[in-house]
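Residue numbers (our numbering): 957 to 1501. Here's the structure, in structure tokens; my notes come after.
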């Protein structure tokens, strides 16, 4: 069925792709409560803050993705081009910068009024080749090669397998065999209901099973390409062989066992860089809350959870900031360690802490201070994927020297290229623009958040989501290729998301938001059927937070 669907998908007009999306909006909204209910139960969640995470990172993110898919495809159908939410600009070093936010039709300018985002393109990209051949693949389907893509879904965040599959189907015109991770395959029926129109068209099939099922699917001759969201260890096993000896031999001989293209998103030791300066108490407290939110979200089972805080040892406010962070973490209830292997990883990364017994214990939020690459390489070289975050301090107090050394540390001594977040004093961005822009350009990450958690770029869907360019099969870093990318950009260097040091009203992704579930549901209804009037309940619940 998928093979026949692939033949048709490669050729159908854009208008049919748009029509295929329409039923998904109502279906996804109708199944959303059940979707979240299943996730809350499976993850052992109690408390509305954690429950709202499942709404935002599940149905809300998927509905936003659906809207942006429909919008861009409709623009291609009607005008033959992609419409950006603003004008293209150029950086000081001549790079094209493409605006990604706000999406006016979704009222981002009101719902996220303090946020902005743009894509910094690679050297050599012009207005003429901004999309590469991505738009042509959609406008000239007769030139496409039919194919079936295997999508190996992530087990931690429910929108990932769905949006990965949607990217392959609607942007690349590939039929998709979506293999769900055993950790969240309880969502199979919800996904089937939400995307029934795509399944019935023969463009999507959903299966479940263990790692063996996924491995067999990778090497099935009916599969033409593979996409995985997971660990670099899994990627290595798929591409180079099932055991370390086989992998090393094949790497030396450059003989991958996978004989088809693979794209991937593989995680990161995600840094949060705190540029030294004179912050107000309110700014410091707000940023500590943002960092805490990036640690505790989804019980820290995120490939973009903050795992390394980079500070200046001689920064006068360092201890105050760390104490604020620890105080916030101490007030956030522990979460059930629902992801397999979490307790073992906790013991590895926090050997001095007590690890409760049991199959899925509640693990304490843990901050390991004052680590160094020489003495504590584990924290820099391996993503813990558990509720442990480390802090390292650089021996400089000058903000400009600090930024240079922080970029070098993150680029050269920390694993991954997916995302980094930065807290920066207004005085630096205002008075040291040359050094600040050089610092942003130097960071080798696919997404950079300024005063905000870079993970927000994932949920926005317009930014391409993937590792920094330059990864290879032998050294994939945080992955090859990208997903989302709802403006069909080609050769993006990184996306940059900016926000204020103090956010008002309080974002629903921060801890202790008092109306996060209600705000998340309001956001979902807005994305399902955008209307100015739907901003009223969203604004009310946001202010209550």
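Ideal Cβ positions, reconstructed from N, Cα and C, are used throughout, including at glycine. Bear in mind the structure is a predicted one, so any value in this text is a computation, not a measurement.
Its chain contains no residue whose beta carbon lies nearer than 6 Å to that of residue 1089 once the 5 sequence neighbours on both sides are disregarded. Per the Cβ contact rule, the stretch 1332–1352 is in contact with the stretch 1289–1301 (3 or more Cβ pairs under 8 Å). Put simply, the stretch 1131–1151 does not touch the stretch 1277–1292. Fewer than three CB pairs are less than 8 Å apart. When the five nearest sequence neighbours on each side are left out, the beta carbons in the same chain lying within less than 7 Å of the beta carbon of residue 1028 are those of 1038, 1442, 1443, 1444, in order along the chain. Residue 1079 places its beta carbon less than 9 Å from that of residue 1051.
At the C-beta level, residue 1113 and residue 1480 stay beyond 9 Å of one another. With contacts defined by Cβ atoms closer than 9 Å, residue 998 and residue 1294 form a contacting pair.
Among the bridge pairs identified by DSSP, residue 1347 is matched with 1265.
By the criterion of a C-beta distance shorter than 6 Å, residue 1391 is surrounded in its chain by 1356, once the five residues flanking it on both sides are discounted. The straight-line gap separating the alpha-carbon atoms of residue 1197 and residue 1374 is approximately 24 Å. At least 9 Å separates the beta-carbon of residue 1267 from that of residue 1345. Taking all protein chains shown into account, residue 1408 has 16 or more neighbouring C-beta atoms within 10 Å of its C-beta and is therefore buried. Secondary structure within the stretch 965–1047: the alpha helix (DSSP H) runs of 4 or more consecutive residues, fully enclosed, are 970–998, 1004–1011, 1017–1035 (chain order).
Relative to the Cα of residue 1354, the nearest Cα in the group 1193, 1380, 1176, 1466 belongs to 1380.
Going by DSSP, residue 1135 is part of the beta strand (DSSP E) stretching over 1131–1135.
Apart from the 5 residues on each side of it in sequence, residue 1108 sits with its Cβ closer than 6 Å to the Cβ of 1135, 1170, 1184 in its chain, given in chain order. Ranked by how close their Cα comes to the Cα of residue 1349, the residues 1193, 970, 1324 have 1324 in first place. Looking at the DSSP output, residue 1075 sits in a beta bridge with 1054, 1451. For the pair of segments examined, the stretch 1428–1443 was found not to touch the stretch 1479–1499: the number of CB pairs separated by less than 8 Å stays below three.
Take the alpha-carbon of residue 1351 and the one of residue 1270: they are about 7 Å apart. Excluding residues up to 5 positions away in sequence, 1228, 1262, 1265, 1281 lie with their Cβ nearer than 7 Å to the Cβ of residue 1247 in the same chain. Within the same chain, and ignoring the five residues on either side of residue 1494 in sequence, the residues whose Cβ sits closer than 7 Å to its Cβ are 1067, 1475, 1478, 1479, 1482.
If the five residues before and after residue 1239 are omitted, its C-beta is found closer than 7 Å to the C-beta atoms of 1457, 1458, all from its own chain and listed in chain order.
In this structure, the straight-line span from the alpha carbon of residue 1014 to that of residue 1115 is close to 5 Å.
Of all alpha-carbon atoms in 1186, 963, 1259, the one lying nearest the alpha-carbon of residue 1138 is that of 1186. Positions of the alpha helix (DSSP H) runs, each at least 4 residues long and wholly inside the stretch 1126–1176, are given as 1144–1150, 1152–1156, 1167–1174 in order along the chain.
The shortest C-alpha to C-alpha distance from residue 1141 to any of 1110, 1438, 1122, 1151 is the one to 1110. Considering only 1204, 1064, 987, the residue with the shortest C-alpha distance to residue 1042 is 1064.
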